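Residue numbers (UniProt numbering), protein chains in the order written: chain A, 1 to 187; chain B, 1 to 187.
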């Protein structure tokens, strides 16, 4: 085995999600993941701090994509429209990861500790979205509300997307979820 | 010390929150809480499973109050109006607990583990609110969105309330937060 494994991170991710899905997250060890990937534990730890990071590694990229979309929104966009401007790059980012997202969702749903971690990740993401709105001059409370609405819209659409067999539909599901949110909150 | 302590639970709660606030949550032991309250550790454990429960003990009552309000809403109320119908009994429940809520909020904000616990509590509460909407015949996604909007409205108003010195204002803050939410989400 060569020391330089160009696709080691993705092989380890594939092996880990297969094992988590087959035998459960708790029952899977880093040694098993490395073995399934044909790599060493040492290589695993060069790419991931622990087995949980395999599942949460993408959250930084999700944050950056969403921010990029908000920052590109017109300066006069309403707060929720600015939040929704992040749905374009986010949908693009996920388009090629539908299979992974489906398995990942199944693994997280099966494990209370991972569900908590997911909740904390999404809360952190809401904080990042809120921060971007504050930088646009949106007042504190409006920014908090718009960020949490954005996260709820995201979560409902994403949950729908991983249940379906249509990788390209995420952008449309964001729009549907947003329209439904506007309908639910109209007086 | 008599075995029967009629106000033991509230004395322990007072002692615990004082100590958490003075010296930090992590640094405080059950023995210190019992001592400050003039009670035994044994009495503490008759009332609370652990020191964290002193701070999270009220979440069942919050859930019941909110549910009661939703269930009393007119059958034809829109989902978010039904969620907001819970704000009446919830505000009433908190009216006499402003001092406790303020200290509790300070303690939770100072401790990442408690912040995570609070997040999980609020997520569970959103699930309870969603369940009440489903029982009213609200479709799945609308129920999820309305419940999360309700929780965001609640959290913003509550956060504002604990910063202020006006215990009776919570109901009005819920209305303000709800109006702001409707304004943020109007197209």
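We treat Cβ as the ideally placed atom computed from N, Cα and C, and that holds for glycine. In this text, all values refer to a predicted model and were calculated from it rather than measured experimentally.
Open item on the list: Under 7 Å, CB to CB, which of the residues in the stretch 108-134 of chain B have a partner in chain A?
Closed with: Under the 7 Å Cβ criterion, the stretch 108-134 of chain B contributes 116, 119, 120 and 123.
- [ ] Check whether the Cβ atoms of residue 147 of chain B and residue 133 of chain B sit closer than 8 Å, and answer yes or no.
- [x] Translated into positions along the second chain, residue 147 of chain B becomes position 147. Translated into positions along the second chain, residue 133 of chain B becomes position 133. Pairing residue 147 of chain B with residue 133 of chain B gives a Cβ-Cβ distance under 8 Å.
Task: Neighbour list for residue 59 of chain B in chain A, Cβ cutoff strictly below 9 Å - done: Here residue 59 of chain B refers to the residue found at position 59 when the second chain is read from its first residue. From the beta-carbon of residue 59 of chain B, no residue of chain A is found nearer than 9 Å; the closest lies around 16 Å away.
Task: Collapsed DSSP secondary structure at residue 59 of chain A in the structure displayed - done: Residue 59 of chain A sits at position 59 when you count from the first residue of the first chain. DSSP places residue 59 of chain A in the helix class (H, G or I) of the three-state scheme.
Task: Cβ-Cβ distance between residue 103 of chain A and residue 21 of chain A below 8 Å - done: Stepping through the first chain from its first residue, residue 103 of chain A is reached at position 103. Stepping through the first chain from its first residue, residue 21 of chain A is reached at position 21. Closer than 8 Å, so yes.
Task: For residue 43 of chain B and residue 129 of chain A, the rounded distance between their alpha carbons - done: In the first chain, counting from the first residue as 1, residue 129 of chain A sits at position 129. In the second chain, counting from the first residue as 1, residue 43 of chain B sits at position 43. Cα atoms of residue 129 of chain A and residue 43 of chain B: separation of roughly 46 Å, rounded to the nearest angstrom.
Task: Residues of its chain near residue 94 of chain B, where Cβ-Cβ distance is below 7 Å and the 5 sequence neighbours each way are ignored - done: As a working mapping, residue 94 of chain B is identified with position 94 in the second chain. Around residue 94 of chain B: 101 and 170.
TODO: Return the residue from the list A:16, A:110, A:83 and A:25 that minimises the CA-CA distance to residue 69 of chain A.
DONE: Sequence index remark: in the first chain, residue 69 of chain A carries index 69 (1-based). When only C-alpha atoms are compared, the closest one is A:83.
Task: Amino acids of chain B, ordered along the chain, whose beta-carbon sits closer than 8 Å to that of residue 180 of chain A - done: As a first step, residue 180 of chain A must be located in the first chain, where it is residue number 180. Within chain B, the residues near residue 180 of chain A are 141, 142 and 145.
- [ ] Flag this pair as yes or no: are the beta carbons of residue 41 of chain B and residue 34 of chain B separated by less than 8 Å?
- [x] Taking the second chain and counting its residues from 1, one reaches residue 41 of chain B at position 41. Taking the second chain and counting its residues from 1, one reaches residue 34 of chain B at position 34. Between residue 41 of chain B and residue 34 of chain B, the CB-CB gap stays under 8 Å.
Open item on the list: Rounded to whole angstroms, what is the Cα-Cα separation between residue 180 of chain A and residue 56 of chain B?
Closed with: Walking along the first chain from the start, residue 180 of chain A turns up at place 180. Walking along the second chain from the start, residue 56 of chain B turns up at place 56. Answer to the nearest angstrom: the Cα atoms are 33 Å apart.
- [ ] Would you check if the stretch 142-162 of chain B and the stretch 76-91 of chain B touch, i.e. whether three or more CB-CB distances between them fall below 8 Å?
- [x] Counting Cβ pairs under 8 Å, three or more are found: they touch.
Task: Selection from B:159, B:137, B:186 and B:152 that minimises the alpha carbon distance to residue 98 of chain B - done: Taking the second chain and counting its residues from 1, the one referred to as residue 98 of chain B is at position 98. Distances from the CA of residue 98 of chain B to each of B:159, B:137, B:186 and B:152 were compared; the closest alpha carbon is that of B:159.
- [ ] In angstroms with no decimal places, state the Cα-to-Cα distance between residue 61 of chain B and residue 54 of chain A.
- [x] Along the second chain, one-based indexing puts residue 61 of chain B at 61. Along the first chain, one-based indexing puts residue 54 of chain A at 54. When rounded, the distance between both Cα atoms is 38 Å.
Task: Endpoints, the alpha helix (DSSP H) within which residue 138 of chain B is located - done: Residue mapping note: residue 138 of chain B aligns to position 138 of the second chain, counting from 1. The continuous stretches of alpha helix (DSSP H) do not include residue 138 of chain B, and DSSP gives it neither H nor E.
TODO: Take the Cβ of residue 154 of chain B as the centre, count every other Cβ of all protein chains shown within 10 Å, and call the residue buried at 16 or more, exposed below.
DONE: The residue labelled residue 154 of chain B in the question sits at position 154 within the second chain. Buried is the call here.
Task: Through-space distance from residue 121 of chain A to residue 23 of chain A, alpha-carbon basis - done: Residue numbering aside, residue 23 of chain A sits at position 23 when the first chain is read from its first letter. Residue numbering aside, residue 121 of chain A sits at position 121 when the first chain is read from its first letter. Answer to the nearest angstrom: the Cα atoms are 24 Å apart.
Open item on the list: Measuring straight from C-alpha to C-alpha, what distance separates residue 151 of chain B and residue 125 of chain B?
Closed with: As a working note, residue 151 of chain B is residue 151 in the second chain. As a working note, residue 125 of chain B is residue 125 in the second chain. Spanning the two alpha carbons is a distance of roughly 8 Å.
Open item on the list: Short of 8 Å Cβ to Cβ, which residues in the stretch 165-180 of chain A face chain B?
Closed with: Taking 8 Å as the Cβ-Cβ cut-off against chain B, the residues of the stretch 165-180 of chain A that qualify are 177 and 180.
Task: Pair within 8 Å by beta-carbon distance, residue 36 of chain A and residue 19 of chain A - done: Your numbering for residue 36 of chain A matches position 36 in the first chain. Your numbering for residue 19 of chain A matches position 19 in the first chain. In contact: residue 36 of chain A and residue 19 of chain A (Cβ atoms closer than 8 Å).
Open item on the list: According to DSSP, simplified to helix, strand and coil, what is residue 225 of chain A?
Closed with: Residue 225 of chain A falls outside the range modelled here, since chain A spans only 1 to 187, and no answer is possible.
Open item on the list: Beta carbons nearer than 9 Å to chain A: which residues of the stretch 79-98 of chain B have them?
Closed with: Interface annotation for the stretch 79-98 of chain B against chain A: 79, 80 and 81, criterion Cβ-Cβ distance under 9 Å.
TODO: Drop a sphere of 10 angstroms on the beta-carbon of residue 1 of chain B, count the other beta-carbons inside from all chains shown, and report buried for 16 or more, exposed for fewer.
DONE: Position 1 of the second chain holds residue 1 of chain B. Bear in mind that the predicted position of residue 1 of chain B carries a pLDDT of just 47, short of 50, making it too unreliable to give a figure here.
Open item on the list: Since residue 28 of chain A and residue 51 of chain A should fall inside the 8 Å C-beta cutoff, what is the C-beta to C-beta distance between them, to a whole number of angstroms?
Closed with: Taking the first chain and counting its residues from 1, the one referred to as residue 28 of chain A is at position 28. Taking the first chain and counting its residues from 1, the one referred to as residue 51 of chain A is at position 51. Contact between residue 28 of chain A and residue 51 of chain A holds: CB atoms are separated by about 7 Å, below the 8 Å threshold.
Task: CB contact check: residue 47 of chain B to chain A, cutoff 8 Å - done: Translated into the one-based positions of the second chain, residue 47 of chain B becomes position 47. No, its Cβ sits nowhere closer than 8 Å to a Cβ of chain A.
- [ ] State the Cα-Cα distance for the pair residue 138 of chain B and residue 30 of chain B, rounded to the nearest angstrom.
- [x] By 1-based counting over the second chain, the position of residue 138 of chain B is 138. By 1-based counting over the second chain, the position of residue 30 of chain B is 30. Looking at the backbone, the Cα of residue 138 of chain B and that of residue 30 of chain B are separated by about 45 Å.
Task: Among B:116, B:90, B:156 and B:174, nearest to residue 58 of chain B - alpha-carbon criterion - done: Stepping through the second chain from its first residue, residue 58 of chain B is reached at position 58. In this structure, B:90 is the residue among B:116, B:90, B:156 and B:174 with its C-alpha nearest to the C-alpha of residue 58 of chain B.
Task: Cβ neighbour criterion (16 or more within 10 Å) applied to residue 177 of chain B - done: Mapped onto the second chain, residue 177 of chain B falls at position 177. Result: buried.
Task: Rounded separation between residue 112 of chain A and residue 92 of chain B - CA only - done: Looking up residue 112 of chain A in the first chain gives position 112. Looking up residue 92 of chain B in the second chain gives position 92. Straight-line measurement puts the Cα of residue 92 of chain B at about 33 Å from the Cα of residue 112 of chain A.
Open item on the list: Just checking: is the beta-carbon of residue 184 of chain A within a distance shorter than 8 Å of some beta-carbon in chain B?
Closed with: Taking the first chain and counting its residues from 1, one reaches residue 184 of chain A at position 184. Yes, its Cβ sits closer than 8 Å to a Cβ of chain B.
Task: Through-space distance from residue 88 of chain B to residue 118 of chain A, alpha-carbon basis - done: Here residue 118 of chain A corresponds to residue number 118 of the first chain, with the count starting at 1. Here residue 88 of chain B corresponds to residue number 88 of the second chain, with the count starting at 1. It is roughly 32 Å from the alpha-carbon of residue 118 of chain A to the alpha-carbon of residue 88 of chain B.
TODO: Name, please, each residue of chain A whose Cβ falls closer than 8 Å to the Cβ of residue 152 of chain B.
DONE: As a working mapping, residue 152 of chain B is identified with position 152 in the second chain. In chain order: 144, 145, 148, 149 and 152.
Open item on the list: Between the alpha carbons of residue 127 of chain B and residue 67 of chain B, how many angstroms are there, rounded?
Closed with: As a position in the second chain, residue 127 of chain B is number 127, starting the count at 1. As a position in the second chain, residue 67 of chain B is number 67, starting the count at 1. Answer to the nearest angstrom: the Cα atoms are 11 Å apart.
Task: Straight-line Cα distance separating residue 15 of chain B from residue 72 of chain A - done: Residue 72 of chain A sits at position 72 when you count from the first residue of the first chain. Residue 15 of chain B sits at position 15 when you count from the first residue of the second chain. Distance between the alpha carbons of residue 72 of chain A and residue 15 of chain B: 51 Å.
Open item on the list: Using CA atoms only, rank isn't needed, just tell me which of A:141, A:156, A:131 and A:136 is closest to residue 141 of chain B.
Closed with: On the second chain, position 141 is the one that residue 141 of chain B refers to. Sorting A:141, A:156, A:131 and A:136 by C-alpha distance to the C-alpha of residue 141 of chain B places A:156 at the top.
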